[in-house]
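Novice: The following block contains the structure, expressed as structure tokens.
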Amino acid sequence: MRPVPGLLAVIDMQRVFADPDSPWAAPRYAEAAAGVARLLPAFGGRVVFTRFLAPARPAGVWRAYYARWPFALQPPDAERWRLTPEFAGLGAPVLDAETFGKWTPELAARLATGSRLVLAGVSTECCVLTTALAAADAGTEVVVVADACAGVDDEALHVLDLYRPLVRVTTVDELLGEGGP
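Residue numbers for the sequence shown follow numbering that gives the first Met the number 0, beginning at 0 and rising by one.
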């Protein structure tokens with residue numbers, strides 16, 4: 000398999016989004032996980048995973064958010080915040096954030112100058128979308144892999160595609176077919 004240029008950021012492939020009994024379950028999580036698994040070999044060591052975590056003490060409007068979702072107020076080592084088994088222990092770096100968007104200084108620092116950011120994960124309409132738009136605002140080329148993402152529906156993918164050429168939506172097969180030097 001030819002390598003695909005850029006950094007693959009796998010957003011929040013965590014148990015809280017995979018468990019069908021979770022209030023935050025992402026429909027088609029298993030399909031997105033299969034897409035991510037297909038992408039991993041093409042990026043080699045250029046992969047980072049992220050995790051959404053609840054803050055110890057919510058502040059500002061986050062207080063109202065967690066009043067609505069009190070089940071989520073768990074410490075970082077809670078079972079629900081762990082990556083699902085197929086991604087845990089792969090040796091890739093894991094970046095934690097208490098925000099929807101994962102375009103943090105830590106993620107930005109892992110991206111080579113002029114390199115593109117390839118996004119996959121959950122939930123498309125929340126954490127993937129906010130990460131993509133923040134990275135694009137920072138001047139980074141962003142590629143979102145539709146069949147390696149999952150959310151409530153595919154509407155966010157249509158919205159993201161409106162941001163071309165800043166954000167491009169593609170598929171696993173299309174991206175793997177690009178390959179590159």
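Built from N, CA and C at the ideal position, the CB exists for glycine as well.
(1) Should glycine 150 and threonine 123 be called a contact, given that it needs their Cβ atoms to be closer than 8 Å?
(2) From this set, Glu154, Ala147 and Glu140, which residue's C-alpha is nearest arginine 163's C-alpha?
(3) Give the straight-line distance between the Cα atoms of leucine 174 and glycine 120, rounded to the nearest whole angstrom.
(4) With DSSP collapsed to three states, give me the class of leucine 7.
(5) Can you grab the Cα-Cα spacing for the pair leucine 7 / alanine 58, in whole Å?
(6) Three-state secondary structure (DSSP) at threonine 181?
(7) Determine the DSSP secondary structure at leucine 161, reduced to helix, strand or coil.
(8) Is it buried or exposed for arginine 56, if we count other Cβ within 10 angstroms and need 16 for buried?
(9) If distances are taken between C-alpha atoms only, which option among Val15, Ala63, Phe16 and Leu106 comes closest to arginine 45?
(10) Whose C-alpha, out of Arg62, Pro84, Arg115 and Gly90, is nearest the C-alpha of glutamate 97?
Specialist: Judging by the given coordinates:
(1) Position 151 of the sequence shown, counting from 1, holds the residue named residue 150. Position 124 of the sequence shown, counting from 1, holds the residue named residue 123. Cβ distance < 8 Å, so glycine 150 and threonine 123 count as in contact.
(2) Within the sequence shown, numbered from 1, the residue matching residue 163 stands at position 164. Closest option to arginine 163, Cα to Cα, is Glu140.
(3) Residue 174 sits at position 175 when you count from the first residue of the sequence shown. Residue 120 sits at position 121 when you count from the first residue of the sequence shown. Each residue's alpha carbon lies about 15 Å from the other.
(4) The residue given as residue 7 occupies position 8 in the sequence shown. It is a strand residue.
(5) What you label residue 7 is simply residue 8 of the sequence shown in a count that begins at 1. What you label residue 58 is simply residue 59 of the sequence shown in a count that begins at 1. Leucine 7 and alanine 58: Cα-Cα distance of roughly 31 Å.
(6) Outside the displayed span of the chain (0 to 180) sits residue 181, for which this structure offers no information.
(7) Residue mapping note: residue 161 aligns to position 162 of the sequence shown, counting from 1. Leucine 161: coil per DSSP, three-state reduction.
(8) In the sequence shown, residue 56 corresponds to position 57, counting from 1. Around the beta carbon of arginine 56, a 10 Å sphere encloses fewer than 16 other beta carbons of the protein chains shown; the residue is thus reported as exposed.
(9) What you label residue 45 is simply residue 46 of the sequence shown in a count that begins at 1. Closest by alpha carbon: Leu106.
(10) Working through the sequence shown from its first residue, we reach residue 97 at position 98. That would be Arg62, whose Cα lies nearest to the Cα of glutamate 97.
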